[in-house]
Structure formats: C-alpha cells, structure tokens
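*Asks:* The structure that follows is given in the form of structure tokens.
The structure is reproduced here in structure tokens:
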C-alpha cells in the first residue's frame, strides 16, 4: 500500500505539457496524505529539480506521463513503461483514449528496496483524476472516465 510508504516518499511532478494539471494533482495527493490517519507531509519536487540520489533514496510518485515529466522519462524504459505521446501500452494492449489514465507501481530501478508509482493521464483532466485513485492491490490500473477500471499485473518483461 502506498499510504505505508508516504514517510519515505517524494512526489515528482512534470513541468512539460499539462504542467498546471500535474502540479494540481501533486498538491491534491499531498493534501490527502496530510488528511490521512497518519499525516505525512510528502515533499513536492519539479521534474527538473530532482537528483538521481533523491530518486534512489525515496519511494517516488511521478505525476504526469513521460512526455510531460522529464524525470519519469529518464527511468520509464527501465520499469517497462511504454508511453508514447498520449498513449500507453500495458501487457501488449495500447490505451490511446484521452479519457484514460495509468496508475503503475514498480520497483525503483535505482534502488530495489524502494518503489515507483506512476500517475499519468492521456489528458490533463485524467492526470488530475489519478490523484483520487481507487484502492487496489494490483501493479497497474487503467482508468477510463465512465467505465470500470482495468486492473492487473504486468506480464514478465521480454
């Protein structure tokens, strides 16, 4: 569960396309962490501010797709994330609707004792919606406005 990792977490939001929505989603996520049963003030960082050492030493929550989050773009291929522009691929299926978003949990490639969470929408609105994800024990959730979520586990990497 992400909530248990909040004391060691850092939120890194993208400053590229959809920067305003990414910042808003990051602030909403941090606000919710402060309102939880065990309040924690999770630090917010801009994608271009964060160092490799910080990424290695924290559980990292990336807000925004790789196109808009340069820090995520640097590690995306290392966690098996395939995101091209405003479309992503999970287990061989492409999700290209502007009404879809991805929540992905993976081991941090810089430190396997830490984790990475990706919250990115194919549009600014869907990125904001990821700040209120449903509870899940899956490795990924595909959200689509007005439709049931698609959840699952990543297929082994080739």
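Residue numbers (our numbering): 1267 to 1424. Backbone N, C-alpha and C define an ideal beta-carbon position, used for all residues, glycine too.
Jot down the residue ranges of each uninterrupted alpha helix (DSSP H) in the region 1328-1393, minimum 4 residues, whole runs only, in chain order.
*Replies:* 1336-1341
*Asks:* Answer yes or no: do residue 1367 and residue 1360 have a C-beta to C-beta separation smaller than 8 Å?
*Replies:* It is not a contact, given that the beta carbons lie outside the stated cut-off.
*Asks:* Pick from 1290, 1286, 1308, 1385: whose alpha carbon is nearest that of residue 1342?
*Replies:* Nearest to residue 1342 by alpha-carbon distance, out of 1290, 1286, 1308, 1385, is 1385.
*Asks:* If you drop the 5 nearest sequence neighbours on each side, which residues of the same chain put their C-beta closer than 7 Å to that of residue 1312?
*Replies:* 1279, 1281
*Asks:* With DSSP collapsed to three states, give me the class of residue 1410.
*Replies:* strand
*Asks:* Identify the continuous beta strand (DSSP E) that holds residue 1321 and give its terminal residues.
*Replies:* Not the beta strand (DSSP E): residue 1321 falls in the alpha helix (DSSP H), residues 1318-1323.
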